[in-house]
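Written out below as structure tokens is the structure these notes cover.
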Amino acid sequence: MSEKLVLIEGIVSKLAKSDSENFAFYLQEETGKNYYCFTTQRIPIVNLNDNLKVIGVPITGSKIRVEYFENVTEKKVYDVTKGKFDWSYKATLWSTLIITIITIIMIIGLISIQFLQLNYVILLISSIILGLFSIFIGSTLLILIPLTLMLKKNKEKKAEIRRSIEQLKGKIND
């Protein structure tokens, strides 16, 4: 699913806080239309009466989630899509792979113990260990696999937004 990005140019008319206590501001176009723009930043990154060129995703009506903007007044550029948590996808992916490999090795090892001619106590202990390990690892994988898939989807979505931003940057420079 592709998110439609919009390019808005205007002047900051009011500073605000978003519903999640992040920084937000009202941007007024030359036509007089006001937009409520919010970011993922917690600190104010613009001032009143700054001239901005904003690229963002329209949420509802005049509400815009800012992905990228250029502060013409201060000659600064902010790319909000570059998040702090880009490492989380790699971490969950590696965790899932490592736990899966450990699980396979553990199951093969515990099953092979049962084919040896050992006494009943060792077989019972290995079965209990296999059962507990399966419960622990199974529940961990039930959390990690969907989390990895969700983070992969978010990463692909951010990459698509970044490509769209690059296309719209040409319009900003014109």
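Start counting the sequence shown at 6; every next residue gets the next number (this note's numbering). Backbone N, C-alpha and C define an ideal beta-carbon position, used for all residues, glycine too.
Spatial neighbours of Phe30 in its own chain (CB-CB distance under 7 Å, excluding positions within 5 residues in sequence) are listed in chain order as Val17, Lys19, Leu20, Ala21, Cys42 and Val51. Considered as a whole, the stretch 123-179 harbours 125-178 as its complete alpha helix (DSSP H) runs of no fewer than 4 residues, in chain order. Assigned with DSSP and collapsed to three states, Leu20 falls in strand. Following the DSSP letters along the chain, one finds Arg70 inside the beta strand (DSSP E) bounded by residues Lys68 to Asn76.
With at least 16 other beta carbons inside 10 angstroms of its own, Val71 counts as buried. Between Thr45 and Val11, the gap from beta carbon to beta carbon reaches 7 Å or more.
Counting only unbroken stretches of 4 or more residues, no alpha helix (DSSP H) element lies wholly within the stretch 80-118.
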